[in-house]
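Peer 1: Submitted below is the structure of interest, expressed as structure tokens.
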Amino acid sequence: MTELLDRTTAQTYASWFRALADPTRVQIVEYLARQAQAMSVREIVTAIGLAQSTVSQHLKILTEVRFVLVEPVGTARHYRVNDACVDCFPSAADVVMGRPAPSPNGAC
Numbered sequence: 001m002t003e004l005l006d007r008t009t010a011q012t013y014a015s016w017f018r019a020l021a022d023p024t025r026v027q028i029v030e031y032l033a034r035q036a037q038a039m040s041v042r043e044i045v046t047a048i049g050l051a052q053s054t055v056s057q058h059l060k061i062l063t064e065v066r067f068v069l070v071e072p073v074g075t076a077r078h079y080r081v082n083d084a085c086v087d088c089f090p091s092a093a094d095v096v097m098g099r100p101a102p103s104p105n106g107a108c
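Residue numbers (my numbering): 1 to 108.
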């Protein structure tokens, strides 16, 4: 019998999947991933079409798992996708199908 995915890695992946378990958060990550720069909340609100408070709550969840990084710009906060997560976020299909999963590191 093959070895299970270690518990720490499984917990990390579970937190990532929980963060993406909402379609709006998936849209925010996808939008930010296509941008070449950090975006203000206002710009994200305009693109997503939801209230600022709703977008801010989703950004909070995404920053907690480091899918999105915050950059202070004066008194504002700008958000960008964490490019390191693109490299370490496993394909759910790969993990479920028993393919080797990349090891998470501190960047994600």
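Think of the CB as a built atom: it goes at the ideal place given N, C-alpha and C, for glycine as much as any other residue.
Confirm, please, whether the CB-CB distance from PHE67 to VAL29 is below 7 Å.
Peer 2: As a first step, residue 29 is located in the sequence shown; it is residue number 29 there, counting from the start. As a first step, residue 67 is located in the sequence shown; it is residue number 67 there, counting from the start. Contact flag set, yes.
Peer 1: Going by CA-CA distance only, name the one from GLN37, VAL65 and VAL86 that's closest to ARG18.
Peer 2: For the purposes of this step, residue 18 is taken as the residue at position 18 of the sequence shown. The candidate whose alpha carbon is nearest that of ARG18 is VAL65.
Peer 1: For SER53, list the residues DSSP reports as bridge partners.
Peer 2: The residue given as residue 53 occupies position 53 in the sequence shown. Beta-bridge pairing links SER53 to no other residue.
Peer 1: Considering only the beta carbon of each residue, do SER40 and HIS78 sit closer than 7 Å?
Peer 2: As a working note, residue 40 is residue 40 in the sequence shown. As a working note, residue 78 is residue 78 in the sequence shown. Their beta carbons are under 7 Å apart, which means SER40 touches HIS78 by this criterion.
Peer 1: Under 8 Å Cβ to Cβ from ARG80, same chain only, skipping five residues before and after it: list those, please.
Peer 2: Residue 80 sits at position 80 when you count from the first residue of the sequence shown. Here the set comprises LEU32, GLN35, GLN37, ALA38, MET39, VAL68, LEU69 and GLU71.
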